[in-house]
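Quick note, the sequences are listed as chains A and B, same order. For the first sequence, the residue numbers in my numbering are 1 to 336. For the second sequence, the residue numbers in my numbering are 1 to 533. Glycine residues also receive a C-beta, built at the ideal position from the N, C-alpha and C atoms. This report refers to the structure that appears directly beneath it.
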Amino acid sequence: MILPPWLQATASGLFCAPAGCHIDPRRPVARAVVSHAHADHARPGCGRYLATPETARLLRLRLGEAIPVQELAWGRTLVLNGVRLSFHPSGHIRGAAQVRLEHAGEVWVVTGDVKTASDPTCLPYEPVRGHGLVLESTFALPIFRWPDPAAVFADLLAWWRKNAEEDRPSLLFAYALGKSQRILASLPPDAGPVFLHGALEAPTAVYREDGVRLSAARRLAATEAPENLRGALILAPPAASESPAMRRLAAAGRAFASGWMQIRGFRRRRALEAGFVLSDHADWPGLFAVIRQSGAERVFLVHGFAEELARTLRAAGLAAEASAAEHEREEDEAPP
Amino acid sequence: MKPFARLFAELDRRRRARDQDAALSAYFRAAPPEDAAWAASLLIGRKPRQAVPTARLRRFAATAANIPDWLFAACYEQVGDLAETITLLLPEGGGLEEIPLHVWLEQRLPALHGLEEERQRRIVLETWHGLDRTARLVWNKLVTGGFRVGVSRRKVIRSLSRLSGVDEGVIDRRLLGAWSPSAEAWRALLQPADAASDAGRPYPFCLAHPLDLPLGALGEPEKWLIEWKWDGVRAQIVRRGGEALLWSRGKEGISAAFPEIRAAAELLPADCVLDGEILAWDGDRPLDFGLLQRRLGRRDPGKRLLSRIPVVWMGYDLLEEEGCDRRSLPLAARREALARRLAAAADPRLRLSPALRVTGWEEVARRRHEARGRGAEGLMLKRRDSPYAVGRPRGIWYKWKAEPYRVDAVLTYARRGHGLRAGLYTDYTFSVWDADRLVPFARAYSGLDAAEIRAVDRFIRANARERFGPVRAVKPELVFEIVFEDIRRSERHKSGVAVRFPRIARLRRDKPAEEADTVETLRALIAQKETTP
Ligand SMILES: [Zn+2]
Ligand SMILES: [Zn+2]
């Protein structure tokens, strides 16, 4: 086990015993430090939550206004029974933090989900030095190398425009929290009418209240006249793709924005006419950049291709180990 | 090659028929004839010969991407497509001068074939780095000989027909023959129809529809010809101008693989086209299909193979006689003409598929149960007044397969699928009990719907045990009903049996693993088969 004795991988998730808190617990625990508001990191039913102010707002939206959540500002240190804890941007989605833990003269950084590519809706990833790193490995294979987001958005606009010329709607599937807002923030303001599936409305509203500049968009009503949708862009969560409302849009061009669109098979299986390689996670080179910049010599890997990355790091002379929770998967970017 | 790579990308992405049509016709209109010819040939599924061995390509790619072999294998397992894995592993490229499709296929790729590894490596790496990702993917698929694209032969033919004004049937037939791509061949393909230039080519095959209505709905049994449904290689004998050629369905000529049938066909009174089936045959019954496949895979088989795996051609139909197209005559008349021809040739390797004498539908149903015992797959039901149609029309020819064998087996191993199923565990191994041990007896990929595939994939992820390369051992818990068409003894399989066309009938959530079938059940099926007449 390469984790220090004061940071353990338990069935409930990562546990820091001296501080008495779990980080991104999988089950209800007494005290949860939450890296960001995605469902696989922020579970309901915990006694107390600790999060960044932006994440706290999203947590209240997801888990209820009344949940006991303590906010800790970016870069400020909280001392919990001798453990020094602070939050630093991970660049993943709005509010997403790396958790820096310092105890007994040693620093461990828990990245949560991390993205090194640019995103106008959140603070950019900030390197944090540490002796050890708990790193996500959702896309830890060398086939995953993201194209420049600017080029992806140019493709996306071209696809939308072509559909608009044919008078058909463009139905774009994207995760409800993070990815959808990143898309809304990257569209030029005059590109055309944009509609949102109901599930996207609330998180989008929180982003707007936070002062993030997003393209204007309307909720897609069940009664929306088809002629209003011609030439429009409709954003919807992937889980809704088989819903009656989406099926009614039979004439629409369908596309999906996800890192998994790097692989043709995933796009073809869903009979999508376009796949936009747009991920909120680090790609293979990005993961190596995070490791290098942290200066860590011990790396514990969670999610996705943990084994593969651990083996590669060991060959490069680092101490690395994959989490034993083998079937643990990302929920915010599950393969379609 | 860029325009062809763009066409591939469009066809791969666009699902709507009219988008695909538009892409095809835009390409065919703009392409020079020598490229268009190759494109058509590739699109209808003819694959160029593999120019570089797969193992080498993997090695080149792993070196170029600077990753170890095991990591390459892990990537390949996710992507499920070798050409694409290589494409993704290397950074975006470009800058190679445009080389037309036909130059690649006629000169560059054949020249690559057989070069020593170091020289191949240099050329392959140069090409990979010089092509953008779309072109690289297509090029890799051409080099590996695995080119495929999601467009049907019919759609390509329709597009060519629209381009030229030539009837679809004529184009189809022209493409069936020994069609080798060139500017000449392209022009000939699109030329107005004329009987003389189409000699030597077979007709499009008429296919039977699966029986999907009760026998009673077919009317009087006397109106129908009942035959065994043979499981071999469907083949037309084209006997014209002193020569006889053998053609299989939509594929290349197969004359070279079956010289004895070709020799026998040359004994036929001149000028006719016959439809039938090649079967590996011994005495009064067919041999195992696997044996026939060995014959099919060998051009110019040696004397030993010829005598070890004898074959016959079982005649079904006559399509042309003395230069006249007879396909619109009623089947009964065509069959009589066929019987006359075969009698005149008088060669034991050319047979007439026997017509079953039956007195009513009940007897037809009964005879179906005899099929397996005779080495047939089931029955064929053809209207005696039917024409020899094109494609798979309803209402005139039916195939009625014998009931498949059924066994309940336990899912014990899984690996990820390819193509459309990349990344999902969809390639399953099923086992039956041998005392208290589970022994694998069949692998199957198909039979579940999308929701079931996802559910099984989740189960496998949560219950995976050891790893054997890409194969995961799975906790033996899920029981599936597996159906298959045939079963025989096999020394090469752990269970001692081999089954043909295994597939999943359903997931049996009601059955615990302990109650799955046993090796004895399988042995009993073989014994049963061997004792039926
Ligand atoms: Zn996340
Ligand atoms: Zn996550």
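Coil, strand or helix - residue i by DSSP
i, result
"V34 of chain A", "coil"
"G253 of chain A", "strand"
"F28 of chain B", "helix"
"W230 of chain B", "coil"
"M261 of chain A", "helix"
"H102 of chain B", "helix"
"P259 of chain B", "helix"
"A464 of chain B", "strand"
"P440 of chain B", "strand"
"T10 of chain A", "strand"
"R158 of chain B", "helix"
"Y49 of chain A", "strand"
"T518 of chain B", "strand"
"G242 of chain B", "coil"
"R492 of chain B", "coil"
"C16 of chain A", "strand"
"A188 of chain B", "helix"
"F276 of chain A", "strand"
"G373 of chain B", "helix"
"A208 of chain B", "coil"
"A319 of chain A", "strand"
"L305 of chain B", "helix"
"L525 of chain B", "helix"
"W397 of chain B", "strand"
Range covered by the beta strand (DSSP E) that runs through residue i
i, result
"H113 of chain B", "Premise fails: H113 of chain B is in no beta strand (DSSP E) and is neither H nor E."
"S431 of chain B", "425-434"
"L279 of chain B", "272-282"
"D12 of chain B", "Per DSSP, D12 of chain B belongs to no beta strand (DSSP E); it is in the alpha helix (DSSP H), 2-13."
"R294 of chain B", "Segment 289-296 is the alpha helix (DSSP H) holding R294 of chain B; no beta strand (DSSP E) there."
"E320 of chain B", "311-321"
"S86 of chain A", "83-89"
"S170 of chain A", "170-173"
"W74 of chain A", "It is not in any beta strand (DSSP E) - W74 of chain A carries neither H nor E in the DSSP assignment."
Chain B contact residues for residue i, given Cβ-Cβ distances below 7 Å
i, result
"L141 of chain A", "A74, C75, Q78"
"T312 of chain A", "L71"
Neighbour list for residue i in chain A, Cβ cutoff strictly below 9 Å
i, result
"R421 of chain B", "G265, R269"
Within chain A, partners of residue i - CB distance below 7 Å
i, result
"L88 of chain B", "I143, Q262"
Range of the contiguous alpha helix (DSSP H) that encloses residue i
i, result
"L133 of chain A", "No alpha helix (DSSP H) holds L133 of chain A; the beta strand (DSSP E) holding it covers 132-136."
"V194 of chain A", "First-last for V194 of chain A: 194-196, but that is the beta strand (DSSP E), not the alpha helix (DSSP H)."
"E92 of chain B", "Unbroken run through E92 of chain B: none, as it is neither H nor E."
"M246 of chain A", "244-247"
"Y76 of chain B", "69-79"
"I291 of chain A", "284-294"
"L57 of chain B", "54-65"
"E307 of chain A", "306-315"
"L153 of chain A", "Per the sequence shown, the amino acid found at residue 153 of chain A is Phe instead of Leu. Looking at the DSSP string, the run of the alpha helix (DSSP H) that includes F153 of chain A is 149-165."
"V170 of chain B", "168-176"
Proximity test, residue i beta-carbon vs ligand 3 heavy atom, cut-off 7 Å
i, result
"H41 of chain A", "Summarising the ligand content, the structure contains ligand 1 and ligand 2 and does not contain ligand 3."
Using 8 Å as the threshold, is the stretch 53-71 of chain B in touch with the stretch 121-138 of chain B, meaning 3 or more CB pairs across them?
yes
Under 7 Å, CB to CB, which of the residues in the stretch 263-285 of chain A have a partner in chain B?
I263, R264, G265, F266, R268, R269, A271, E273, A274
Residues in the stretch 57-86 of chain B with C-beta within 8 Å of chain A's C-beta atoms, listed in sequence order?
A65, I67, P68, W70, L71, A74, C75, Q78, V79, G80, D81, E84, T85
Quick one, which residues of the stretch 3-30 of chain B are near chain A if we go by CB-CB under 9 Å, in chain order?
D12, R13, R14, R15, R16, D19
Taking a Cβ distance cut-off of 7 Å, strictly less, list which residues of the stretch 285-311 of chain A are near chain B, in chain order.
E308
Does the contact criterion of 3 or more C-beta pairs under 8 Å hold for the stretch 267-280 of chain B versus the stretch 313-331 of chain B?
yes
Does the contact criterion of 3 or more C-beta pairs under 8 Å hold for the stretch 286-306 of chain A versus the stretch 134-147 of chain A?
yes
Segment contact flag, the stretch 194-203 of chain A with the stretch 216-226 of chain A, C-beta cutoff 8 Å, min 3 pairs:
yes
Contact between the stretch 304-313 of chain B and the stretch 387-404 of chain B: three or more CB pairs below 8 Å?
no
Taking contact to mean at least 3 C-beta pairs separated by less than 8 Å, is the stretch 167-184 of chain A in contact with the stretch 75-90 of chain A?
no
Is there contact between the stretch 70-87 of chain A and the stretch 50-59 of chain A, where contact requires at least three CB pairs shorter than 8 Å?
yes
I'd like to know if the stretch 123-133 of chain A and the stretch 97-109 of chain A are in contact, where contact means that at least 3 CB-CB pairs between them fall below 8 Å.
yes
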